[in-house]
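To start, the structure under review is shown below, and the notes come after it.
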Amino acid sequence: MQPGSVIVDVSIDQGGCIETSRATSHSSPVYSLHGVTHYCVPNMPGAYPRTSTLALTSATLPYVQRLAGGGIEAVRADPGFAKGVNSYRGHITCKAVADALGRTADYRDLAAL
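According to our numbering, the sequence shown is numbered sequentially starting from 397.
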């Protein structure tokens, strides 16, 4: 990244998404590395729980309603939904999960089930 850039790593709770990220705190929230300012405070939404809950609900409720109304057929019809399925009918449907667990033989593509 160019010097002077700013990174806000909202996934630092899960290890971060930037190679140079490391968790910070509210008392010392930023650091600079290679001229890039990093802000990596864990659980940022926790600072505003009501607002973050309303935002999350607003963003996810339409998906929940589609999923509840359409069941597995809604998943099959939407590639985005299908990417979120890790297991189905006793099979692991995410190859990366199967490989990570050493259970490659249990992997099946969701479309085949």
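Yeah, the Cβ is synthetic: ideal placement off N, Cα and C, and Gly gets one too.
C-beta contact flag for residue i and residue j at 8 Å
i: Cys413; j: Ser421; result: no
i: Leu506; j: Ala470; result: no
i: His434; j: Asp405; result: yes
i: Gly431; j: Pro399; result: yes
For residue i, the residue or residues it bridges with in DSSP
i: Leu497; result: The partner list for Leu497 (beta bridge, DSSP) is empty, contrary to what the question assumes.
i: Tyr459; result: DSSP output for Tyr459 lists no bridge partner at all.
i: Leu429; result: Val432
i: Ser483; result: Ile488
i: Val406; result: Bridge partners of Val406: none, in fact.
i: Tyr444; result: Note: Tyr444 sits in no beta bridge, so no partner.
Exposure label - residue i; buried when at least 16 CB within 10 Å
i: Thr449; result: exposed
i: Ala494; result: buried
i: Ser454; result: exposed
i: Val426; result: exposed
i: Thr456; result: exposed
i: Ser417; result: buried
i: Val516; result: Summary: the structure shown does not reach residue 516, with the chain confined to residues 397 through 509, and so no result is reported for it.
i: Thr489; result: buried
Helix, strand or coil at residue i according to DSSP, with G and I counted as helix
i: Val471; result: helix
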